[in-house]
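Everything below concerns the one structure shown next.
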Amino acid sequence: MRRRILLMPLLALALAGCGTVGPDYSVPDSAVARQAEVSRPFTGQNEAPYERAPLPGKWWKLYDDPVLDGLIEKALARNTDLRVAQASLEHARAAMREVQSRQKPSIGVSASPAFGHVSGLQELQPDVSPPDQWSYSAGGSIAYQVDLFGQIRRAVEASRGDEQAAQAAYDAVRVTVVAETARAYADMCSAGMELASAQKSVAIQRDSLDAVQRLERAGRGAKLDVTRAGSQLELLKAALPPFKARQRTALYRLAALTGVVPAAMPPSLLECAAPPRLTRVIPVGDGAALLRRRPDIRQAERRLAASTARIGVAMGDLYPRISLGLSGASAGPFNLAGEPGTFSWSLGPLISWTLPNSGAAQARIAQAKADVKADLARFDASVLGALRETESALVVYARELDRQAALAAARDRGAEAVGQARRLFAMGKTDYLAVLDAQRTLAGTESAVAASQAQLSDDQISLFLALGGGWQ
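Numbered per our numbering, the sequence shown spans residues 69 to 540.
In structure tokens form, the structure reads like this:
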């Protein structure tokens, strides 16, 4: 009999490797990520500003801007969204360790000293009051659940998928924080650039106003020309406050992103008057690299893996659970502690099986399978969305470069027109209205060029965000 008892746990352990319920995970053949077209070069990467080189992890280093590098370093260390994502990742890791603990034996101990006596009736002496005395009860146990059908293994797989999805979610937040920090910095510098351009236009218009006033006082000009020049000057001055407000709001965004109060931001940052721009061809990689790099795609794929494992967890409820247990105890009066008669022990399997309500069990399995279908759709959507965002960012940036080139040409022509109008006015061949029209056109064109330069910086950052750069 003793040999049979000792053989029972060995038999159970041998049966533990018989199989694992539920499907083994792999990326489905029907997934969009499996299509050959996904891994090909981007359709828009043949434009001049791009090359099929790997995107560096720290893409912002391409700008070679120490101020930007310092702001991003602070954001990665202090950003509140990153702290929340880090806490979620730690929670997922703790949850995985909890599930993994089910694969190990559980140990329990107990001890209970007591002083008193039992009733005489329990001693079969109803007329006698037993004497008071100290007694004790102590024991220990070891239990191990045999994962006969692999339900625990599937639970560990699901938990590991959750942990990996949380890691990908952290990486996605990191990508966003880096991009938004760079965007806020670029916006602040762009506002400074546009403010400087507007101030230049104001200065030019003020000089023009002074000129027509002198002509009017000398009898060579009309009062109407002075009024028109003054109106144009006030119109240009009205454009200055919004740029100053943009500078300040971008600075406050940087404060929030870097985890400090607005008052702690150095005022010297407001002196930036040129947004960061690349002078080299932008590396973009290809579709295959995008799938590996984008954290949101990895997060969706890991969630699909976790959902697939939970099908096995649900199917495990159809089968019995087997636990092996070894327990020992000692109980009795203190004066008999250690005597052979106070000890007890037991060893044996515990089989528990709640006969499944087939309808309820099958419903839980159906729910798990439906979750897999939903997560597969989300995985496909993340891949399609990443490709859409990247292709769109590529074409938007390339076309904005074309627009800037056209605006620069228009600005140069406008500057020539202003010079010509001034010479004609000085020779008395035209009135000052022609000069004002030429100056107004030039001011608008210069403002458009500055706005285009700001848009180019924003488009670059949007492209890097779409490419998923910012984590290693």
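Cβ atoms here follow ideal geometry from the backbone N, Cα and C, with glycine treated the same way. Only a predicted model underlies this, so the values are computations on that prediction, with no experimental measurement involved.
Problem - Nearest-angstrom Cβ-Cβ length linking glycine 384 and phenylalanine 217, presumed shorter than 8 Å - result: One-based indexing of the sequence shown puts residue 384 at position 316. One-based indexing of the sequence shown puts residue 217 at position 149. 6 Å between Cβ atoms; contact.
Handout entry: Beta-ladder partner(s) of proline 417, from DSSP
Key = Here residue 417 corresponds to residue number 349 of the sequence shown, with the count starting at 1. According to DSSP, which records beta bridges pairwise, proline 417 is partnered with Leu392.
Practice task
On the DSSP bridge assignment, give the partners of tryptophan 541 in chain order.
Solution key: A question about residue 541 goes unanswered here, because the residues of the chain that appear run from 69 up to 540.
Exercise for the section: Verify whether the separation of the beta carbon atoms of proline 351 and alanine 121 is less than 7 Å. Expected result: Here the question's residue 351 lines up with position 283 in the sequence shown. Here the question's residue 121 lines up with position 53 in the sequence shown. Against a cut-off of 7 Å, the Cβ pair of alanine 121 and proline 351 comes out as a contact.
Practice task
Look at the Cβ atom of alanine 506, then the Cβ atom of alanine 534, and state whether they are nearer than 7 Å.
Solution key: Here residue 506 corresponds to residue number 438 of the sequence shown, with the count starting at 1. Here residue 534 corresponds to residue number 466 of the sequence shown, with the count starting at 1. Cβ distance not < 7 Å, so alanine 506 and alanine 534 don't count as in contact.
Handout entry: Sequence-distant residues of its chain with Cβ nearer than 7 Å to glutamate 248 (five each side left out)
Key = In the sequence shown, counting from the first residue as 1, residue 248 sits at position 180. Excluding five sequence positions before and after glutamate 248, the CB atoms of its chain that fall closer than 7 Å to its own CB belong to Leu325, given in chain order.
Exercise for the section: Can you say whether glutamine 232 is buried or exposed, counting buried as having 16 or more other CB atoms within 10 angstroms of its CB? Expected result: Within the sequence shown, the letter at position 164 stands for residue 232. By the 10 Å Cβ count, glutamine 232 comes out buried.
Practice task
Please confirm if the region 94-104 is in contact with the region 502-521, defined as three or more CB-CB distances below 8 Å between the two stretches.
Solution key: Touching, no, given that fewer than three Cβ pairs across the two stretches are closer than 8 Å.
Handout entry: The alpha helix (DSSP H) enclosing glutamine 300, as first and last residue numbers
Key = If you number the sequence shown from 1, residue 300 lands on position 232. Glutamine 300: member of the alpha helix (DSSP H) spanning 291-305, first to last residue.
Problem - First and last residue of the uninterrupted alpha helix (DSSP H) at threonine 88 - result: Position 20 of the sequence shown holds residue 88. For threonine 88, no alpha helix (DSSP H) run applies, since DSSP gives it neither H nor E.
Exercise for the section: Report all residues from its chain with a CB closer than 6 Å to the CB of arginine 378; omit the five preceding and five following residues, and keep chain order. Expected result: What you label residue 378 is simply residue 310 of the sequence shown in a count that begins at 1. Answer for arginine 378: Ala226, Ala436, listed in chain order.
Handout entry: Alpha-carbon spacing of arginine 359 relative to aspartate 149, whole angstroms
Key = Working through the sequence shown from its first residue, we reach residue 359 at position 291. Working through the sequence shown from its first residue, we reach residue 149 at position 81. Just to set this straight, residue 359 is leucine in the shown sequence, not arginine. Leucine 359 and aspartate 149 have their C-alpha atoms some 24 Å from each other.
Practice task
Note down the Cα distance separating glutamate 514 from arginine 479, rounded to an integer number of angstroms.
Solution key: Along the sequence shown, one-based indexing puts residue 514 at 446. Along the sequence shown, one-based indexing puts residue 479 at 411. If I take the Cα positions, the gap works out to 6 Å.
Problem - alanine 250 and tryptophan 128 closer than 7 Å at C-beta - result: For the purposes of this step, residue 250 is taken as the residue at position 182 of the sequence shown. For the purposes of this step, residue 128 is taken as the residue at position 60 of the sequence shown. A contact, by the Cβ cut-off of 7 Å.
Handout entry: Close-in-space but distant-in-sequence residues of the same chain around aspartate 230 (CB under 6 Å, 5 per side omitted)
Key = The residue labelled residue 230 in the question sits at position 162 within the sequence shown. Within the same chain, Cβ atoms closer than 6 Å to the Cβ of aspartate 230 are found at Ala160, Ala374, the five residues on either side in sequence being excluded.
Exercise for the section: Would you list, in sequence order, the uninterrupted alpha helix (DSSP H) runs of no fewer than 4 residues that lie entirely inside the region 302-357? Expected result: Counting only runs of 4+ residues, the alpha helix (DSSP H) found wholly inside the region 302-357 occupies 308-325, in chain order.
Exercise for the section: Output the distance between the C-alpha atoms of glycine 164 and alanine 234, rounded to the nearest integer angstrom. Expected result: Here residue 164 refers to the residue found at position 96 of the sequence shown. Here residue 234 refers to the residue found at position 166 of the sequence shown. Checking the sequence, you will find methionine at residue 164 rather than glycine. Cα to Cα, the separation comes out at about 11 Å.
Practice task
Return helix, strand or coil for glutamine 213, following the three-state DSSP convention.
Solution key: Indexing the sequence shown from 1 puts residue 213 at position 145. Glutamine 213: strand per DSSP, three-state reduction.
Problem - Residue interval of the alpha helix (DSSP H) (run including aspartate 230) - result: In the sequence shown, counting from the first residue as 1, residue 230 sits at position 162. Element bounds for aspartate 230: 219-285.
Exercise for the section: Spell out a yes or no on whether the region 455-467 and the region 104-121 are touching, meaning 3 or more CB-CB pairs, one atom from each, closer than 8 Å. Expected result: Contact between the region 455-467 and the region 104-121 is present, because at least three Cβ pairs lie under 8 Å.
Handout entry: Continuous alpha helix (DSSP H) stretch holding phenylalanine 532: start and end
Key = The count along the sequence shown starts at 1 and reaches residue 532 at position 464. From DSSP, the alpha helix (DSSP H) with phenylalanine 532 extends over 500-535.
Problem - Alpha-carbon spacing of glycine 496 relative to aspartate 275, whole angstroms - result: As a first step, residue 496 must be located in the sequence shown, where it is residue number 428. As a first step, residue 275 must be located in the sequence shown, where it is residue number 207. Cα-Cα distance, rounded: 19 Å.
Handout entry: Rounded distance between the beta-carbons of isoleucine 365 and isoleucine 390, thought under 8 Å
Key = Position 322 of the sequence shown, counting from 1, holds the residue named residue 390. Position 297 of the sequence shown, counting from 1, holds the residue named residue 365. Not really, about 40 Å apart at Cβ, beyond 8 Å.
Exercise for the section: Apply the 10 Å Cβ neighbour rule to leucine 524 and answer buried if 16 or more other Cβ atoms are within range, or exposed otherwise. Expected result: As a position in the sequence shown, residue 524 is number 456, starting the count at 1. Label assigned to leucine 524: buried.
Practice task
Note the first and the last residue of the continuous alpha helix (DSSP H) segment covering aspartate 364.
Solution key: Here residue 364 corresponds to residue number 296 of the sequence shown, with the count starting at 1. Boundaries of the alpha helix (DSSP H) harbouring aspartate 364: 363-384, taken from the DSSP string.
Problem - Same chain, Cβ closer than 6 Å to alanine 211, neighbours up to 5 away in sequence not counted - result: Counting from 1 along the sequence shown, the entry for residue 211 is found at position 143. Ser174, Ser391, Gly393.
Practice task
Please confirm if the region 306-319 is in contact with the region 129-146, defined as three or more CB-CB distances below 8 Å between the two stretches.
Solution key: Counting Cβ pairs under 8 Å, fewer than three are found: no touch.
Problem - Where phenylalanine 493 falls: helix, strand or coil (DSSP) - result: Working through the sequence shown from its first residue, we reach residue 493 at position 425. Reduced to three states, the DSSP call for phenylalanine 493 is helix.
Practice task
Put phenylalanine 110 into one of helix, strand or coil per three-state DSSP.
Solution key: Working through the sequence shown from its first residue, we reach residue 110 at position 42. DSSP places phenylalanine 110 in the coil class of the three-state scheme, outside both helix and strand.
Practice task
Just grab the DSSP bridge partners of glycine 207 for me.
Solution key: To locate residue 207, count along the sequence shown from 1; it is residue 139. Its beta-bridge partners are Ser178, Ala397.
Exercise for the section: Could you give the DSSP three-state label for tyrosine 118: helix, strand or coil? Expected result: Position 50 of the sequence shown, counted from the start, is the residue given in the question as residue 118. In the structure shown, tyrosine 118 sits in a strand (DSSP, three-state: E or B).
Handout entry: Separation of aspartate 448 from alanine 428, as counted between CA atoms
Key = Working through the sequence shown from its first residue, we reach residue 428 at position 360. Working through the sequence shown from its first residue, we reach residue 448 at position 380. Going by the C-alpha atoms only, they are around 30 Å apart.
Practice task
Could you tell me whether the Cβ atoms of arginine 170 and threonine 88 are closer together than 7 Å?
Solution key: Counting from 1 along the sequence shown, the entry for residue 170 is found at position 102. Counting from 1 along the sequence shown, the entry for residue 88 is found at position 20. The Cβ atoms of arginine 170 and threonine 88 do not sit closer than 7 Å to each other.
Problem - Three-way DSSP call (helix, strand, coil) for leucine 83 in this model - result: Along the sequence shown, one-based indexing puts residue 83 at 15. With a pLDDT of 46 at leucine 83, under the threshold of 50, the modelled position of that residue is not reliable, and no figure is offered here.
Handout entry: alanine 356 versus valine 241: straight-line alpha-carbon distance, rounded
Key = The residue you call residue 356 lines up with position 288 of the sequence shown. The residue you call residue 241 lines up with position 173 of the sequence shown. The straight-line gap from Cα to Cα measures roughly 22 Å.
Exercise for the section: Please look up how many angstroms separate the CB atoms of proline 344 and leucine 136, rounded, as I've assumed it's under 8 Å. Expected result: Counting from 1 along the sequence shown, the entry for residue 344 is found at position 276. Counting from 1 along the sequence shown, the entry for residue 136 is found at position 68. Their Cβ separation, rounded to whole angstroms, is 6 Å, which keeps proline 344 and leucine 136 in contact under 8 Å.
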